[in-house]
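Novice: Each residue of the sequence shown is one higher than the last, beginning at 1 in full-length UniProt numbering.
My questions will all concern the structure given below.
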Amino acid sequence: MSLADDLPPSLNLPPHLSAHKYFFVCTLTVAAWDTLVLSPRTWRLLKTKEWPLLKILFHFLRLFMPAEFIIVAVAFFDTHFSQEMCSKFYLFEPICTAILVSLCSLVHVIRVHAIYDKSRAVLGGMGALFAAQVVVMGVCCAFYRYVPLKEGQGCIAGPRFGDNWVGIYWLLPTIFYTVSLVLALNRSFKSLHQKHLSPWKLMLRDGLNLYGAIWLVNMVNMLFWFIAKPTDNADTIKTIVTSMTAVLTTTMTLRIILSIRGPLASGGSFNGGSTVGTSSHSNGASGTGRSGGPGPHVLSVPTHSHTTRSQGTNGVIAITPGSGARIGAPMFTIGKEERSEWVDDGKSSVVEEGKEGLGYESGSFGEESVERGNGARGGYGMGGVKVTIDKHVDDGFGRN
Numbered sequence: 001m002s003l004a005d006d007l008p009p010s011l012n013l014p015p016h017l018s019a020h021k022y023f024f025v026c027t028l029t030v031a032a033w034d035t036l037v038l039s040p041r042t043w044r045l046l047k048t049k050e051w052p053l054l055k056i057l058f059h060f061l062r063l064f065m066p067a068e069f070i071i072v073a074v075a076f077f078d079t080h081f082s083q084e085m086c087s088k089f090y091l092f093e094p095i096c097t098a099i100l101v102s103l104c105s106l107v108h109v110i111r112v113h114a115i116y117d118k119s120r121a122v123l124g125g126m127g128a129l130f131a132a133q134v135v136v137m138g139v140c141c142a143f144y145r146y147v148p149l150k151e152g153q154g155c156i157a158g159p160r161f162g163d164n165w166v167g168i169y170w171l172l173p174t175i176f177y178t179v180s181l182v183l184a185l186n187r188s189f190k191s192l193h194q195k196h197l198s199p200w201k202l203m204l205r206d207g208l209n210l211y212g213a214i215w216l217v218n219m220v221n222m223l224f225w226f227i228a229k230p231t232d233n234a235d236t237i238k239t240i241v242t243s244m245t246a247v248l249t250t251t252m253t254l255r256i257i258l259s260i261r262g263p264l265a266s267g268g269s270f271n272g273g274s275t276v277g278t279s280s281h282s283n284g285a286s287g288t289g290r291s292g293g294p295g296p297h298v299l300s301v302p303t304h305s306h307t308t309r310s311q312g313t314n315g316v317i318a319i320t321p322g323s324g325a326r327i328g329a330p331m332f333t334i335g336k337e338e339r340s341e342w343v344d345d346g347k348s349s350v351v352e353e354g355k356e357g358l359g360y361e362s363g364s365f366g367e368e369s370v371e372r373g374n375g376a377r378g379g380y381g382m383g384g385v386k387v388t389i390d391k392h393v394d395d396g397f398g399r400n
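Following this line, the structure appears as structure tokens:
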């Protein structure tokens with residue numbers, strides 16, 4: 001008789017079941033760490049006044065995900081959780097996971113629809129996949145069985161031995177997140193025609209790493225479901241990655257919500273869709289409006305004289321030349337400007353109360369910039385408004 005035969009069933013575990021338990025500990029660690037790390041940003045988002053659908057989904061997922069897996073962990077690790085109790089409890093995880101993953105998919109529908117400028121075609125396609133996912137996951141829950149483990153080895157739900165087709169429970173979400181990733185990539189690549197970014201900045205700006213992580217973990221789960229071969233009816237290898245898949249899908253989806261710049265209503269806007277404003281020189285007395293913004297103001301620039309600046313309506317700065325303004329001085333354009341460079345702070349959807357509409361984005365107030373050209377140029381930025389002043393200094397000999 002070997003030493004292993006003297007161990008109780010709760011300690012004498014088959015290799016796959018032992019690996020399953022270790023991996024589930026990793027899953028709980030990820031869930032706990034994510035809950036801790038996102039707590040400050042969750043609190044700031046909670047303090048905002050509006051309650052759009054994405055904000056409601058965010059806070060629900062934040063509470064529902066750890067609550068589900070704490071309960072599942074009790075049934076999995078409690079040595080006193082009998083198989084009779086398991087026969088009444090085992091559907092808890094597949095049903096709750098179906099709810100969790102479906103709500104994450106709903107977030108993707110809203111967000112992808114928003115970054116495609118509320119395209120009906122995108123909404124129809126993503127909505128159809130979402131509906132199919134909800135129906136298939138709901139139906140497949142009825143075909144789960146509890147794995148016949150020994151007393152003290154835990155309670156695990158899984159397919160009947162040889163019923164690989166039950167894996168379509170995860171197949172539909174994987175197809176959905178594949179489409180979501182492809183659409184997100186396509187939208188990001190199209191934005192490169194407006195503003196070129198390095199692949200690294202593009203990935204972080206549009207959260208492509210988040211979409212990619214969700215797709216990757218779901219694909220790995222598919223490999224276990226359809227390729228891994230269990231040894232018998234008590235082998236849990238097919239479901240070894242399912243809990244981690246649900247947790248990572250949820251945590252990455254929460255970060256997709258937090259990466260949205262501006263209000264969360266209607267899914268926000270595309271991070272790379274802003275128009276980059278620049279100062280344009282002209283010899284005329286008036287200018288035309290930029291695409292995507294209000295009409296600019298064309299003003300004369302003083303020479304060596306002082307200027308007075310006052311903030312006008314709509315965030316436009318009025319510049320009044322002092323004495324000594326030179327006739328025929330170059331003209332330039334002043335108007336509202338979107339951010340010309342993307343800065344990743346990870347807090348774009350969290351706006352402090354009372355600061356909406358003042359140019360506050362990601363906890364910062366506009367931008368300040370100074371440009372140097374042939375002459376001396378000073379730039380002043382506030383609330384998303386950029387003013388560039390061209391000074392021409394007369395050296396006394398008629399030269400600039």
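Think of the CB as a built atom: it goes at the ideal place given N, C-alpha and C, for glycine as much as any other residue.
Tell me whether G267, by its Cβ, gets closer than 7 Å to a heavy atom of the ligand PLP.
Specialist: Judged by which ligands are present, the structure shown has none, so any question about the ligand PLP falls away.
Novice: Whose CA, out of K55, A132 and K190, lies closest to the CA of L171?
Specialist: The shortest Cα separation from L171 among K55, A132 and K190 belongs to A132.
Novice: Is it the case that the region 228-245 contacts the region 198-212, given that we only count it when at least three CB pairs across the two stretches are under 8 Å?
Specialist: At 8 Å Cβ cutoff, the stretches do not touch.
Novice: Can you find the residues in the same chain that come closer than 6 Å, C-beta to C-beta, to M222, ignoring five residues on each side of it along the sequence?
Specialist: So the qualifying residues of the chain are T174.
Novice: Can you name, in chain order, every residue of its own chain whose Cβ lies under 7 Å from the Cβ of V112, other than the five neighbours on each side?
Specialist: Cβ neighbours of V112 beyond the five flanking positions: V122, M126, S180, L183 and A184.
Novice: Closest to D78 by C-alpha separation, out of G124, I240 and K150, would be which residue?
Specialist: Checking every option, the nearest Cα to that of D78 belongs to K150.
Novice: Please classify S145: does DSSP put it in a helix, a strand, or coil?
Specialist: Correcting the residue type first, residue 145 is Arg in the shown sequence and not Ser. DSSP places R145 in strand when its eight states are reduced to three.
Novice: Taking the alpha helix (DSSP H) that V179 belongs to, which residues open and close that run?
Specialist: Here the alpha helix (DSSP H) through V179 covers I168 to S191.
Novice: Under a Cβ-count criterion, where at least 16 other Cβ atoms within 10 Å of its own Cβ denotes burial, should P40 be classed as buried or exposed?
Specialist: So P40 ends up on the exposed side.
Novice: Terminal residues of the continuous alpha helix (DSSP H) containing S82?
Specialist: That residue, S82, is in no alpha helix (DSSP H); it is neither H nor E in DSSP.
Novice: By the three-class DSSP mapping on this structure, what secondary structure does A234 have?
Specialist: Of the three classes helix, strand and coil, the one that applies to A234 here is coil, per DSSP.
Novice: Output yes or no for whether 8 Å exceeds the beta carbon distance between A142 and Y90.
Specialist: Cβ distance not < 8 Å, so A142 and Y90 don't count as in contact.
Novice: Figure out for me which residue from V139, L204 and T245 has the closest Cα to the Cα of N218.
Specialist: Here the closest residue by C-alpha is T245.
Novice: Considering just the uninterrupted stretch of the alpha helix (DSSP H) at V90, what are its terminal residues?
Specialist: Reading off the sequence, residue 90 comes out as Tyr, not Val. Y90 -> no alpha helix (DSSP H), and no H or E assigned at all.
Novice: From I256 to L7, what distance separates their C-alpha atoms?
Specialist: Using only the alpha carbons, I get a separation of about 47 Å.
Novice: CB L38 to CB L254, shorter than 8 Å?
Specialist: For L38 and L254, yes; Cβs fall inside 8 Å.
Novice: In terms of residues, what are the limits of the alpha helix (DSSP H) holding R255?
Specialist: Its alpha helix (DSSP H) spans residues T242 to L258.
Novice: Taking the alpha helix (DSSP H) that D163 belongs to, which residues open and close that run?
Specialist: Per DSSP, D163 belongs to no alpha helix (DSSP H) and is neither H nor E.
Novice: Take every Cβ of the region 88-102, pair it with every Cβ of the region 51-69, and state whether three or more of those distances are shorter than 8 Å.
Specialist: Segments in contact, yes.
Novice: If you reduce the DSSP assignment to three classes, tell me which class A228 lands in.
Specialist: Coil.
Novice: Less than 8 Å between the beta carbons of C140 and I115, yes or no?
Specialist: Contact: no.
Novice: Closest to T239 by CA distance: which of N233, M252, L45 and F224 is it?
Specialist: It is F224 whose Cα lies nearest to the Cα of T239.
Novice: Can you tell me whether G158 is helix, strand or coil according to DSSP?
Specialist: Residue state, collapsed to three classes: strand.
Novice: Distance, Cα to Cα, T251 vs W33?
Specialist: Taking the straight line from one Cα to the other gives about 10 Å.
Novice: If the criterion is Cβ atoms closer than 8 Å, does the pair S82 and V134 meet it?
Specialist: Their beta carbons are not under 8 Å apart, which means S82 does not touch V134 by this criterion.
Novice: At the level of alpha carbons, what is the spacing between K118 and R205?
Specialist: Approximately 20 Å, taken between the alpha carbons.
Novice: Using 8 Å as the threshold, is the C-beta distance between L17 and Q153 below it?
Specialist: Contact: yes.
Novice: Do you know whose CA, among R145, F176, T178 and C155, lies nearest G162's CA?
Specialist: It is R145 whose Cα lies nearest to the Cα of G162.
Novice: Starting from F69, follow the alpha helix (DSSP H) in both directions and report where the run begins and ends.
Specialist: Here the alpha helix (DSSP H) through F69 covers L53 to F77.
Novice: Helix, strand or coil: which one does DSSP assign to F270?
Specialist: If DSSP states are grouped into helix, strand and coil, F270 belongs with coil.
Novice: According to the neighbour-count rule (16 or more other Cβ atoms, all chains shown, within 10 Å of its Cβ), is G207 buried or exposed?
Specialist: That one is buried.
Novice: So, for P159: in the same chain, excluding its five sequence neighbours on each side, which residues have a beta-carbon less than 6 Å away from its beta-carbon?
Specialist: For P159, where only same-chain residues beyond five positions count, the Cβ hits under 6 Å are V166.
Novice: Name the two residues that bound the continuous alpha helix (DSSP H) containing H16.
Specialist: H16 -> alpha helix (DSSP H) spans P15 to V37.
Novice: What three-state label does DSSP hand Y211 in the structure shown?
Specialist: If DSSP states are grouped into helix, strand and coil, Y211 belongs with the helices.
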